[in-house]
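One structure is given here, and the rest of the page talks about it.
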Amino acid sequence: MLEDKTIRVTVPATAMYDLDQMQKIQREVLGRLGCPACCSGFDIRFDLARRFMVDEDLVVRPMDELA
Numbered sequence: 001m002l003e004d005k006t007i008r009v010t011v012p013a014t015a016m017y018d019l020d021q022m023q024k025i026q027r028e029v030l031g032r033l034g035c036p037a038c039c040s041g042f043d044i045r046f047d048l049a050r051r052f053m054v055d056e057d058l059v060v061r062p063m064d065e066l067a
């Protein structure tokens with residue numbers, strides 16, 4: 001059986017449309033995968049954060065802030 005090399009990274013809109021922030025995110029992800037300068041062998045998918053939670057005060061927060 002082939003190993004699944006798909007990596008999913010959920011990114012907030014504030015970073016998704018900022019090249020400098022996306023490059024920083026990519027460096028960090030690649031570093032955690034073992035090589036900060038190379039992504040060969042991995043299928044990295046950057047997804048826009050689309051899950052939000054609303055508290056009783058009607059404050060909307062991305063789900064990743066709640067973890």
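Numbering (this note's numbering), first residue to last: 1 to 67. Glycine included, each C-beta is placed from N, C-alpha and C at the ideal position.
Pick helix, strand or coil for residue i, following the three-state DSSP scheme.
i     : result
Leu33 : helix
Arg45 : strand
Arg8  : strand
Could you check whether residue j and residue i sit closer than 8 Å to each other, using their CB atoms as the reference points?
i     : j     : result
Val9  : Ile44 : yes
Met77 : Leu48 : Here the chain covers residues 1 to 67 and nothing more, so residue 77 does not appear.
Phe42 : Leu33 : yes
Compute the Euclidean distance between the alpha carbons of residue i and residue j, then round it to the nearest angstrom.
i     : j     : result
Ile25 : Asp57 : 31 Å
Val54 : Ala37 : 38 Å
Pro62 : Ala13 : 10 Å
Asp20 : Glu3  : 31 Å
Val60 : Ile7  : 27 Å
By the DSSP assignment, the alpha helix (DSSP H) with residue i in it spans what residues?
i     : result
Met53 : Premise fails: Met53 lies in the beta strand (DSSP E), 52-54, not in any alpha helix (DSSP H).
State the start and end residues of the unbroken beta strand (DSSP E) segment that holds residue i.
i     : result
Val60 : 60-62
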